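Numbering-wise (our numbering), the sequence shown opens with residue 29 and increments by one.
Positions of the beta carbon are idealized from the N, C-alpha and C atoms, including for glycine.
Computed from a predicted model, the values in this text were never measured in an experiment.
Okay, structure first, notes after.
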Amino acid sequence: MDDDAGTPGPARPEPRRTEPAQPAPAPAGPRQAWSGLPWPVRTAVTWSACLLVVAAGLWLLGKVAVLLAPLAVALAGTLFLTALLDPVLVRLRRLRVPAALAALLTVLLLLGVLVGAGVLVWNLTASQFGELSQQLDEGLQRSREFVTSTLPVSDQQLDRLIEQIRQGLSGSAPDPVAGARKAAEVAGAILLGLVLLFFLLKDGRSMWHWVLRRLTGPRREVTAAAGRAGWRTLGAYSRGTMIIAAIDAIGIGLALVVLRVPLALPLALITFLGGFVPIIGATVAGAVAVLVALAANGPTTALLTLAAVIAVQQIEGNLLEPLVMRRQVQLHPAVILVVVTAGTLVAGVAGAFVSVPIAAVLWRVLDTVQRCRSGEAARTAEIAR
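Rendered as structure tokens:
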């Protein structure tokens, strides 16, 4: 028996246990960095980015609107007149007048009313301008004495203020070349508006039906409903504004006639035109009437004129406007002021005229689309149940 059989041999080294290699930490990417930010920071960054996108879009839209201001104003004014004259066209069509002839007669009726009103006002008031010049001088002198006697303002300070205003007006006088270019743009916009008015009256409904035929499914129903709502709103606004402006002009004109203020008819016409610019237009027209009354007949007549203007505007704003306009074109006064200011900055007086109906129509269209989508979502949820 071998002696070495029981003796243990040299100890074998145990195999070394290798720990599994740990993966290297992945570099922090944008998602990990975004997730690591506190939620107030993420919210602030998201809202800031949205505001920047909206501001950039509005800026780009404003630049395009400024570049295409004559065309945009002509289109908006044409749509406004089309909605205003549409009942006349409908009555002519019911008398079986051809579409082209009915549209032409409607445009000629509009031109006849505008030209006739201008000629009438000129014939009735042309003789009063010379007399008004002398009355303005006397009224301004009385106003100057009234200001210097009641307010802590000396004659020298008043003269200095008047001179500064005169220099500012002369310094901001338009360039003759720019004025000629502007006149050409206005004439072109008026001509374009008349041509577009004829075609919209003649083929407007067929154009709209052509657009609807190109749509399919729910989009056709939503577009049709939004178009009907927008057109009804534009028609209600145009006819209601014309009625309210006419009532304002008649009321203030009668007050000026009773108070024997000169140029009562032109002032009534200014009041009528100012009625198409909500809030600001009526205020400016009333201020012009009060200034003419002050210059012509003195402070007492001016105060009475101011009382008459305020009374007529209060009756119009609290009674006539809710009755005529109803709820179809309701906009908050703050929204109206912002819209009128924006329209004036973009396209001047014409922009002030067309800005409010554009805003009213857009609001009604968006509201109709939202309601249609809400109705579809409700019907889908009901079917799913």
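**Message:** Can you check which of these residues, Leu240, Thr251 and Leu148, is closest to Thr396 by C-alpha distance?
**Reply:** For this step, residue 396 is matched to residue 368 along the sequence shown. Closest option to Thr396, Cα to Cα, is Thr251.
**Item:** Between the CA atoms of Pro246 and Arg401 - distance to the nearest angstrom
**Value:** Translated into the one-based positions of the sequence shown, residue 401 becomes position 373. Translated into the one-based positions of the sequence shown, residue 246 becomes position 218. A straight-line Cα-Cα distance of about 9 Å links Arg401 and Pro246.
**Message:** Please state the DSSP three-state secondary structure of Ser234.
**Reply:** Along the sequence shown, one-based indexing puts residue 234 at 206. Secondary structure of Ser234 (DSSP, three-state): helix.
**Message:** I want to know whether the stretch 260-267 touches the stretch 106-120 - three or more CB-CB distances under 8 Å.
**Reply:** Contact holds: three or more Cβ-Cβ distances are below 8 Å.
**Prompt:** Taking buried to mean at least 16 other C-beta atoms within 10 Å of its own C-beta, is Gly309 buried or exposed?
**Reply:** Residue mapping note: residue 309 aligns to position 281 of the sequence shown, counting from 1. It is buried - the Cβ of Gly309 has at least 16 other Cβ atoms within 10 Å.
**Item:** Any alpha helix (DSSP H) of 4 or more consecutive residues that is wholly inside the stretch 72-133
**Value:** The stretch 72-133 contains these whole alpha helix (DSSP H) runs: 97-122.
**Item:** Coarse secondary structure for Ile272, derived from DSSP in three states
**Value:** On the sequence shown, residue 272 is found 244 positions in, with the first residue counted as 1. Per DSSP, reduced to three states, the secondary structure at Ile272 is helical.
**Message:** Three Cβ pairs or more, each shorter than 8 Å: is that satisfied between the stretch 370-390 and the stretch 87-103?
**Reply:** They touch, by the three-pair rule.
**Request:** Assess, as a yes-or-no matter, whether the stretch 122-137 is touched by the stretch 272-281 under the definition of 3 or more beta carbon pairs within less than 8 Å.
**Result:** Output reads no: the stretch 122-137 does not touch the stretch 272-281.
**Message:** Can you tell me whether Phe226 is helix, strand or coil according to DSSP?
**Reply:** Walking along the sequence shown from the start, residue 226 turns up at place 198. Helix.
**Message:** Tell me the rounded alpha-carbon separation between Trp67 and Val73.
**Reply:** Here the question's residue 67 lines up with position 39 in the sequence shown. Here the question's residue 73 lines up with position 45 in the sequence shown. Going from the Cα of Trp67 to the Cα of Val73 covers about 10 Å.
**Request:** Take Pro306 and list the residues in its own chain whose beta-carbon comes closer than 6 Å to its own, dropping the five residues that flank it on each side.
**Result:** As a working mapping, residue 306 is identified with position 278 in the sequence shown. Apart from the 5 residues on each side of it in sequence, Pro306 sits with its Cβ closer than 6 Å to the Cβ of Ile364 and Val384 in its chain, given in chain order.
**Message:** I need the straight-line Cα distance from Leu332 to Thr269, nearest angstrom please.
**Reply:** Numbered from 1 along the sequence shown, position 304 holds the residue referred to as residue 332. Numbered from 1 along the sequence shown, position 241 holds the residue referred to as residue 269. Our two residues, Leu332 and Thr269, have alpha carbons roughly 26 Å apart in a direct line.
**Request:** Quick one: grab the DSSP three-state call for Thr244.
**Result:** Taking the sequence shown and counting its residues from 1, the one referred to as residue 244 is at position 216. Coil, per DSSP.
**Request:** Please name the residue in Val393, Thr178 and Val285 whose C-alpha comes closest to that of Leu257.
**Result:** One-based indexing of the sequence shown puts residue 257 at position 229. The displayed chain sequence assigns Ala, not Leu, to residue 257. Cα-wise, what sits closest to Ala257 is Val393.
**Prompt:** Which residues bound the alpha helix (DSSP H) around Pro294?
**Reply:** Against the sequence shown, residue 294 aligns to sequence position 266. Here the alpha helix (DSSP H) through Pro294 covers Ala292 to Gly302.
**Prompt:** Under three-state DSSP, which class holds Gly140?
**Reply:** Taking the sequence shown and counting its residues from 1, one reaches residue 140 at position 112. Annotated three-state conformation of Gly140 is helix, per DSSP.
**Item:** Through-space distance from Asn325 to Asp187, alpha-carbon basis
**Value:** Here residue 187 refers to the residue found at position 159 when the sequence shown is read from its first residue. Here residue 325 refers to the residue found at position 297 when the sequence shown is read from its first residue. Roughly 23 Å separates the two Cα atoms.
**Message:** By the three-class DSSP mapping on this structure, what secondary structure does Leu65 have?
**Reply:** By 1-based counting over the sequence shown, the position of residue 65 is 37. Secondary structure of Leu65 (DSSP, three-state): coil.
**Asked** Nearest to Leu334 by alpha carbon, out of Thr372, Arg209, Leu86 and Val316?
**Response** In the sequence shown, counting from the first residue as 1, residue 334 sits at position 306. Among Thr372, Arg209, Leu86 and Val316, the Cα nearest to that of Leu334 is on Val316.
**Sub-8 Å separation of Val116 and Thr134 beta-carbons** = Translated into the one-based positions of the sequence shown, residue 116 becomes position 88. Translated into the one-based positions of the sequence shown, residue 134 becomes position 106. At the C-beta level, Val116 and Thr134 come within 8 Å of one another.
**Prompt:** Mind checking Thr178: buried by the 16 CB within 10 Å criterion, or exposed?
**Reply:** Translated into positions along the sequence shown, residue 178 becomes position 150. Thr178 is exposed by the Cβ-count criterion.
**Message:** Applying the 10 Å Cβ sphere with the 16-neighbour rule, what's the burial state of Asp114?
**Reply:** Reading the sequence shown from its first residue, position 86 is the one you call residue 114. The residue in question, Asp114, is buried, as its Cβ has 16 or more Cβ neighbours within 10 Å.
**Request:** With a 10 Å radius around its C-beta and 16 neighbouring C-beta atoms as the bar for buried, classify Phe174 as buried or exposed.
**Result:** Residue numbering aside, residue 174 sits at position 146 when the sequence shown is read from its first letter. Phe174 should be labelled exposed.
**Item:** Cβ shell of Leu222 (< 7 Å), same chain only, five flanking positions each side left out
**Value:** Looking up residue 222 in the sequence shown gives position 194. Only Val135 meet the Cβ criterion.
**Prompt:** Between Val285 and Ala130, what straight-line distance do the alpha-carbon atoms span, to the nearest angstrom?
**Reply:** Taking the sequence shown and counting its residues from 1, one reaches residue 285 at position 257. Taking the sequence shown and counting its residues from 1, one reaches residue 130 at position 102. Each residue's alpha carbon lies about 39 Å from the other.
**Asked** Where does Gln341 land, buried or exposed, given buried means 16+ other C-beta within 10 angstroms?
**Response** Numbered from its first residue, the sequence shown carries residue 341 at position 313. So Gln341 ends up on the buried side.
**Request:** Can you tell me the Cβ-Cβ gap for Ala93 and Val312, rounded? I've got them flagged as a contact below 8 Å.
**Result:** Counting from 1 along the sequence shown, the entry for residue 93 is found at position 65. Counting from 1 along the sequence shown, the entry for residue 312 is found at position 284. So it is not a contact: roughly 24 Å between Cβ atoms.
**Message:** Assuming Gly314 and Val337 are in contact, meaning their beta carbons sit under 8 Å apart, how far apart are those beta carbons, in whole angstroms?
**Reply:** To locate residue 314, count along the sequence shown from 1; it is residue 286. To locate residue 337, count along the sequence shown from 1; it is residue 309. The C-beta distance from Gly314 to Val337 rounds to 4 Å, short enough to meet the 8 Å contact threshold.
**Item:** With 16 other Cβ atoms within 10 Å as the buried cut-off, status of Lys91
**Value:** Counted from its first residue, the sequence shown places residue 91 at position 63. Exposed, since its Cβ has fewer than 16 Cβ neighbours within 10 Å.
**Item:** Reference Ile298, options Arg288, Leu287 and Val320, closest by Cα
**Value:** Position 270 of the sequence shown, counted from the first residue, corresponds to residue 298. Minimum Cα distance to Ile298 is reached at Val320.
**Message:** Between the alpha carbons of Ile414 and Phe300, how many angstroms are there, rounded?
**Reply:** Residue 414 lies beyond the range of the chain shown here (29 to 413); nothing can be said about it.
**Request:** Would you tell me roughly how many angstroms separate the C-alpha atoms of Gly403 and Met235, rounded to the nearest one?
**Result:** Position 375 of the sequence shown, counted from the start, is the residue given in the question as residue 403. Position 207 of the sequence shown, counted from the start, is the residue given in the question as residue 235. For Gly403 and Met235, the gap between their C-alpha atoms comes out near 28 Å.
**Request:** Keeping to the same chain, check which residues put their C-beta closer than 8 Å to that of Phe226; ignore five residues upstream and five downstream.
**Result:** Sequence index remark: in the sequence shown, residue 226 carries index 198 (1-based). Scanning its chain for C-beta atoms nearer than 8 Å, with the 5 sequence neighbours on each side dropped, one finds around Phe226 the residues Ala131, Leu132 and Val135, in chain order.
**Asked** Using DSSP with H/G/I as helix, E/B as strand and the rest coil, what is Ser182?
**Response** Here residue 182 is taken as the residue at index 154 of the sequence shown, counted from 1. It is coil, neither helix nor strand.
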